[in-house]
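Chains as they are written, first to last, in my numbering: chain A, 750 to 978; chain B, 92 to 224.
C-beta atoms are modelled at their ideal positions from N, C-alpha and C, and glycine is treated no differently.
Note that this is a predicted model, so its numbers are computed, not measured.
Encoded as structure tokens, the structure appears first; notes follow it.
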Amino acid sequence: MKLKQLEGLLGGLTQFSDPKVELEQYATGPHIASRMLYTAENSFDDIAGKVVADFGCGCGTLAVASALLDAEHVAGIDIDLQSLELAQENATDLELDIDLIQCDIKNLNLKGLLVDTVVMNPPFGTKRKGADMEFLSMGLKVASQAVYSLHKTSTREYIKKAALRNCNAISAEVLCEVILNSGFWAETMSFASHLLCCGSTSKRSSISQSICGALSHKLETKGKASSLA
Amino acid sequence: MRLLTHNFLASNVKGVSTGYPLALEVAKTSIKEVELNVDFLRGILPKIDWRALFAATSAAGFPELLAAEQPPEAELFAEGAAAVEGSAIRRLHHALLEIHVEEGTLVCPDSGRSFPILKGVPNMLLHEDEVRH
Ligand SMILES: C[S@@+](CC[C@H](N)C(=O)[O-])C[C@H]1O[C@@H](n2cnc3c(N)ncnc32)[C@H](O)[C@@H]1O
């Protein structure tokens, strides 16, 4: 699917009608959402044929984008039932099949290595301090390949350090920067997750090699990603 | 909720050891067909908890869909098997990706706490006194 097509389809989604401010509910815009998922797929092969989880899926923009880019299985997770219903509606309208789970991310318990990629636009923690880090550390715990997450640029260095130091991320790279309507900068960061509980050692090293491959590849394509934005 | 989701979902009630696998009680299922992707199944097989999947398919009303023990990979991924009606790989595909639990309950194996599934969505929210701190 072409980027423009993806952005167009995301632009047609129904957004929160009565957003709950305390949960930081605002839809992820079609511009940034399409670029985030398009980069994850086209530069890093992290979406098509994968199991993708969308943390704090809200009206489902990132989950729907993943399904449109041929993720094999998508699970949207949100604490708020109304959001999940809206996500369901949005997916059904596009004839997509996504699973939805009502759960507080900080209490999430997912077993094994089934989830490959986590995508999210977490609460920035402006209403409840630390919410962004809760999402990020859970994402890195759950994803066996990579986490793609949106953060305020002002928190960039802090988030990078925390991901590497406290959450076992192998790397944390800024993929692109976008100006949001509300005036601050946000960016897509990609974190190659740790592979602690991965099968055999040989498999583990081949996976981390492929991640390093993806990373060096990413550095080359970084210019491209920012120009997309 | 697909049974693939059931295969990675666990309960997190304070005090439980693993909270996995969740016992499944099913009141209503639906079937939605999707295209079979051999590479996906090959990649995911080693990560699947076969026993949990077998128990879930039985609970969902398909006790004969899967073998109780995982069939050998040579059988699952035999040349051309994906095109054969009723082959092990078609059954695995059906179990993981096509059966949806619409109404039912997930029960934590350690605490007995039950989590309702309504309109396909499991509600895993905890009460304040069930949360680990
Ligand atoms: C910025 S919005 C994400 C929007 C989403 N990507 C979309 O396009 O609609 C943050 C979402 O996180 C959810 N949320 C907030 N706190 C949560 C928590 N503790 N656990 C799970 N979801 C939470 C909110 O309900 C909201 O839908």
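Requested in this report: Consider the C-beta atom of Glu773/A and the heavy atoms of ligand 1; say whether any pair is separated by less than 6 Å.
Outcome: At least one heavy atom of ligand 1 is nearer than 6 Å to the Cβ of Glu773/A, so yes.
Query raised in the report: Between Pro96/B and chain A, is there a C-beta pair that is closer than 7 Å?
Result: First, the amino acid is wrong: residue 96/B is Thr here, not Pro. Judged by the 7 Å Cβ criterion, Thr96/B is in contact with chain A.
Requested in this report: Specify whether the segment 160 to 179 of chain B and the segment 888 to 905 of chain A touch according to this definition: at least 3 beta carbon pairs, one from each stretch, less than 8 Å apart.
Outcome: In short, these stretches do not touch, since the Cβ pair count stays below three.
Report task. Determine the DSSP secondary structure at Gln764/A, reduced to helix, strand or coil. Result -> Annotated three-state conformation of Gln764/A is coil, per DSSP.
Requested in this report: To the nearest angstrom, report how far apart Leu849/A and Ala802/A are at their CA atoms.
Outcome: Answer to the nearest angstrom: the Cα atoms are 9 Å apart.
Requested in this report: Tell me, please, whether the CB atom of Gln851/A is closer than 7 Å to any CB atom in chain B?
Outcome: Yes, because at least one Cβ of chain B sits closer than 7 Å to the Cβ of Gln851/A.
Query - Proximal chain B residues relative to Ala892/A, where beta-carbon distance stays under 9 Å - result: Those do not exist, as Ala892/A stays about 12 Å from chain B at its closest Cβ, beyond 9 Å.
Requested in this report: Spell out whether any CB of chain B is found under 7 Å from the CB atom of Leu945/A.
Outcome: Residue confidence for Leu945/A is low, a pLDDT of 26 falling below 50, so the modelled location carries little weight and cannot support an answer.
Query raised in the report: Any residues in the segment 858 to 874 of chain A with a beta carbon nearer than 7 Å to a beta carbon of chain B? Which ones, in chain order?
Result: Those residues of the segment 858 to 874 of chain A that come within reach of chain B (Cβ to Cβ, closer than 7 Å) are Asn858, Leu859, Lys860, Gly861, Leu862, Leu863, Val864.
Query raised in the report: Relative to the alpha-carbon of Val175/B, which residue among Leu127/B, Arg204/B, Tyr111/B has its alpha-carbon at the smallest distance?
Result: For Val175/B, the nearest C-alpha among the options comes from Leu127/B.
Requested in this report: For Ala824/A, go through chain B and note every residue whose CB falls closer than 7 Å to its CB, in chain order.
Outcome: Ordered by position in chain B, the residues that pass the 7 Å Cβ test against Ala824/A are Thr96.
Query raised in the report: For chain A, is any of its Cβ atoms less than 7 Å away from the one on Ala186/B?
Result: Not a single CB atom of chain A sits nearer than 7 Å to the CB of Ala186/B.
Report task. Report yes or no: do three or more beta-carbon pairs, one from the segment 854 to 866 of chain A and one from the segment 834 to 841 of chain A, lie closer than 8 Å? Result -> Look at the beta carbons and you see the segment 854 to 866 of chain A not touching the segment 834 to 841 of chain A: under three pairs across the two are nearer than 8 Å.
Requested in this report: Spell out a yes or no on whether the segment 790 to 801 of chain A and the segment 762 to 778 of chain A are touching, meaning 3 or more CB-CB pairs, one atom from each, closer than 8 Å.
Outcome: Flag = no, the segment 790 to 801 of chain A and the segment 762 to 778 of chain A do not touch.
**Report entry** Those runs of the beta strand (DSSP E) which lie wholly inside the segment 852 to 898 of chain A and span at least 3 residues
**Finding:** Listed in chain order, the complete beta strand (DSSP E) runs (minimum 3 residues) inside the segment 852 to 898 of chain A are 866 to 869.
Query raised in the report: Can Leu811/A and Ala782/A be called in contact, C-beta distance under 7 Å?
Result: Yes. Within cutoff.
Query raised in the report: Val222/B: which of Leu209/B, Ser202/B, Ile208/B, His191/B sits nearest, CA to CA?
Result: For Val222/B, the nearest C-alpha among the options comes from Ser202/B.
Report task. Round the Cβ separation of Ala118/B and Gly110/B to the nearest angstrom and send it over; I've been treating them as touching at under 8 Å. Result -> Taking 8 Å as the upper bound for CB-CB distance, Ala118/B and Gly110/B are not in contact here, some 22 Å apart.
**Report entry** Under 8 Å from the C-beta of Arg93/B: neighbouring residues of chain A
**Finding:** The contacting residues are His822, Asp848.
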